[in-house]
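Engineer:
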Amino acid sequence: MDINQKKPGFAQTTFIYSAIVAIAAFILANFASYMIYSGEPQGEIFSVAQAFPFVICLLSAVAGVLSVKSYVGEVGQIKIGTGAQIGLLSGVSLAVVMTVLGIFLTVIYPDLNIMVAEYNIENYEILAQKGVIPEASLNDVRDEFMKQIENPLSLSTLGLSFVMQTVMYSIVNLISGLVTAKITAKD
Amino acid sequence: MYKLKPLWYAGILLASVIWLGLAIGPGMWNPELTLFEWHQSGLKQFFGYACHQHPLRTFFLSDHVPMNVCSRCIGIYGGLTAGVGIIPFLITFTKPLRRFVPAMLWVAIGLNLASVVFSWIDGGLITNTIRVLLGLLFGLSIPLLFIDSLTTSTS
Numbered sequence: 043m044d045i046n047q048k049k050p051g052f053a054q055t056t057f058i059y060s061a062i063v064a065i066a067a068f069i070l071a072n073f074a075s076y077m078i079y080s081g082e083p084q085g086e087i088f089s090v091a092q093a094f095p096f097v098i099c100l101l102s103a104v105a106g107v108l109s110v111k112s113y114v115g116e117v118g119q120i121k122i123g124t125g126a127q128i129g130l131l132s133g134v135s136l137a138v139v140m141t142v143l144g145i146f147l148t149v150i151y152p153d154l155n156i157m158v159a160e161y162n163i164e165n166y167e168i169l170a171q172k173g174v175i176p177e178a179s180l181n182d183v184r185d186e187f188m189k190q191i192e193n194p195l196s197l198s199t200l201g202l203s204f205v206m207q208t209v210m211y212s213i214v215n216l217i218s219g220l221v222t223a224k225i226t227a228k229d
Numbered sequence: 012m013y014k015l016k017p018l019w020y021a022g023i024l025l026a027s028v029i030w031l032g033l034a035i036g037p038g039m040w041n042p043e044l045t046l047f048e049w050h051q052s053g054l055k056q057f058f059g060y061a062c063h064q065h066p067l068r069t070f071f072l073s074d075h076v077p078m079n080v081c082s083r084c085i086g087i088y089g090g091l092t093a094g095v096g097i098i099p100f101l102i103t104f105t106k107p108l109r110r111f112v113p114a115m116l117w118v119a120i121g122l123n124l125a126s127v128v129f130s131w132i133d134g135g136l137i138t139n140t141i142r143v144l145l146g147l148l149f150g151l152s153i154p155l156l157f158i159d160s161l162t163t164s165t166s
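The listed protein sequences correspond, in order, to chains Z and C. So for the first sequence, my numbering puts the first residue at 43; every next one is plus one. So for the second sequence, my numbering puts the first residue at 12; every next one is plus one.
#1: May I ask you to verify whether the segment 214–221 of chain Z touches the segment 128–140 of chain Z, counting CB pairs closer than 8 Å and requiring at least 3?
#2: With H, G and I counted as helix, E and B as strand and the rest as coil, what does DSSP make of T138/C?
#3: Less than 8 Å between C-beta atoms, sequence neighbours within five positions excluded: which residues of the same chain meet that for L103/Z?
#4: For the alpha helix (DSSP H) holding C99/Z, just list the boundary residues, first then last.
#5: Counting along the chain, where does the alpha helix (DSSP H) carrying V174/Z start and finish?
#6: Which of the residues in the segment 67–79 of chain Z, read from start to end, lie with their CB under 8 Å from any CB of chain C?
#7: Going by DSSP, what residues sit across from K14/C in a beta bridge?
#8: State yes or no: is the C-beta of L197/Z nearer than 7 Å to some heavy atom of the ligand FMN?
#9: Please list the partners that A61/C has in chain Z, where partner means a Cβ-to-Cβ separation under 7 Å.
#10: Indicate the three-state DSSP secondary structure (helix, strand or coil) for L24/C in the structure shown.
#11: Note down, in chain order, every chain C residue with its Cβ under 7 Å from the Cβ of K224/Z.
#12: From A105/Z to I168/Z, what does the alpha carbon distance come to, in whole angstroms?
#13: Hey, is V221/Z's beta-carbon within less than 8 Å of any beta-carbon in chain C?
#14: For chain C, find out if any of its Cβ atoms is closer than 8 Å to the Cβ of P176/Z; answer yes or no.
#15: Taking only beta-carbon atoms, is L46/C less than 8 Å away from chain Z?
#16: Report yes if the CB atom of L122/C is closer than 8 Å to the CB atom of L148/C, and no otherwise.
#17: Given a threshold of 16 other Cβ atoms within 10 Å of its Cβ, counted over all protein chains shown, does K73/Z qualify as buried or as exposed?
#18: On a CA-only basis, which of N165/Z, I65/Z, Y113/Z, V110/Z is nearest S89/Z? Give me that one, please.
#19: Under 8 Å between the Cβ atoms of I163/Z and R184/Z?
#20: If distances are taken between C-alpha atoms only, which option among G85/Z, S135/Z, Y79/Z comes closest to A170/Z?
#21: Between G94/C and V143/C, how many whole angstroms is the CB-CB distance? I'm expecting something under 8 Å.
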């Protein structure tokens with residue numbers, strides 16, 4: 043197909059690939075989270091659980107790659123700007139699907155949220171005992187996590203997390219989409 | 012003869028410099044910050060979506076404030092910014108060399124993956140300096156891949 047010819051839209055393909063990647067990453071991360079948070083905290087400022095968002099983000103980059111590859115397979119060749127658009131759309135789709143899945147999980151299994159909050163409070167208490175964080179800050183930490191337990195679906199928590207995810211996944215997928223479009227163009 | 016697209020170039024350069032600054036984090040502008048305050052900060056949480064932020068694999072500023080991202084990520088962002096920065100000096104005389112850039116990208120990805128595997132096998136084998144250099148190689152190869160897209164032919 044000629045590069046300037048009218049081409050089919052990429053929104054549907056992009057959303058499907060992003061949704062598949064989002065569901066896979068969400069299941070993997072939440073299963074791993076459950077394994078960590080059902081154990082005992084060790085009183086460390088860094089826990090393995092903190093690496094999960096990073097693993098999700100790394101996996102999310104695959105959505106941009108798959109969507110661009112699939113669209114290139116459909117239409118032949120694309121401009122790198124289209125790769126960037128597909129990447130951006132992948133990032134936004136991922137954030138939307140992840141947020142919806144997160145809300146769904148909180149509604150059907152609210153205990154997970156309580157488990158995470160209790161684990162974190164205990165972890166901070168051990169950190170305070172070790173002198174890594176000031177004892178005075180413990181009340182703030184408890185208040186913050188109690189708020190999270192009482193209202194896990196508050197608009198501010200959800201909104202902030204959604205904005206952060208949208209920006210980060212969009213940038214990561216913008217780059218993965220651009221690079222894939224560029225490399226497939228070379229092929 | 013090739014010429015840069017000035018608006019695109021300036022926008023991308025500015026965005027990459029700002030991003031690098033945010034990734035280095037509050038240790039640059041607030042050295043009095045405690046480790047706990049850093050841990051609770053919004054920027055730390057934001058970059059936590061893209062980086063594991065392991066303290067042992069992260070450079071510290073002012074001895075106690077970690078950067079917002081690990082050594083490999085700071086290398087990647089530094090490489091991206093440096094790569095965008097040197098594009099004006101590369102556009103005229105590197106045309107024959109540009110075909111090697113995709114290979115450079117794949118080598119960088121391969122070396123980074125290998126270093127992750129070696130880190131699992133032996134934690135002390137791969138130092139933060141090696142990580143930052145490998146990140147730099149990967150980051151540098153991305154803007155170089157797009158030199159053609161940021162330039163217009165004037166001949």
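Note that the Cβ used here is the ideal one computed from N, Cα and C, for glycine as well. Here the structure is a predicted model, which means the values were calculated and not measured.
Structural biologist: Working from what's here:
#1: Segments in contact, yes.
#2: T138/C: coil per DSSP, three-state reduction.
#3: For the sequence presented, residue 103/Z should be read as Ala rather than Leu. Only V214, N215, I217, S218 meet the Cβ criterion.
#4: Segment 94–117, the alpha helix (DSSP H) holding C99/Z.
#5: V174/Z -> no alpha helix (DSSP H), and no H or E assigned at all.
#6: Those would be none; no residue qualifies.
#7: In the DSSP output, where bridge partners are listed per residue, K14/C has T163/C.
#8: The model depicted lacks the ligand FMN and carries no ligand whatsoever.
#9: Neighbours of A61/C in chain Z, taken as residues at a C-beta separation under 7 Å, are given in chain order as F96, C99, M210, V214.
#10: When DSSP states are grouped into helix, strand and coil, L24/C belongs to the helix group.
#11: Within chain C, the residues near K224/Z are L156, F157.
#12: The C-alpha of A105/Z lies about 39 Å from the C-alpha of I168/Z.
#13: Under the 8 Å criterion on CB atoms, V221/Z is classed as interfacial with respect to chain C.
#14: Closer than 8 Å: yes.
#15: Yes, L46/C counts as interfacial toward chain Z.
#16: L148/C is positioned such that its CB atom lies closer than 8 Å to that of L122/C.
#17: Sequence check: residue 73/Z is Phe here, not Lys. An exposed status is given to F73/Z, since fewer than 16 other beta-carbon atoms sit within 10 Å of its beta-carbon.
#18: If you compare the alpha carbons of N165/Z, I65/Z, Y113/Z, V110/Z with that of S89/Z, the shortest gap goes to N165/Z.
#19: The Cβ atoms of I163/Z and R184/Z sit closer than 8 Å to each other.
#20: Comparing Cα-Cα distances from A170/Z to each of G85/Z, S135/Z, Y79/Z, the minimum goes to G85/Z.
#21: Rounded, the Cβ-Cβ distance is 15 Å, inconsistent with contact.
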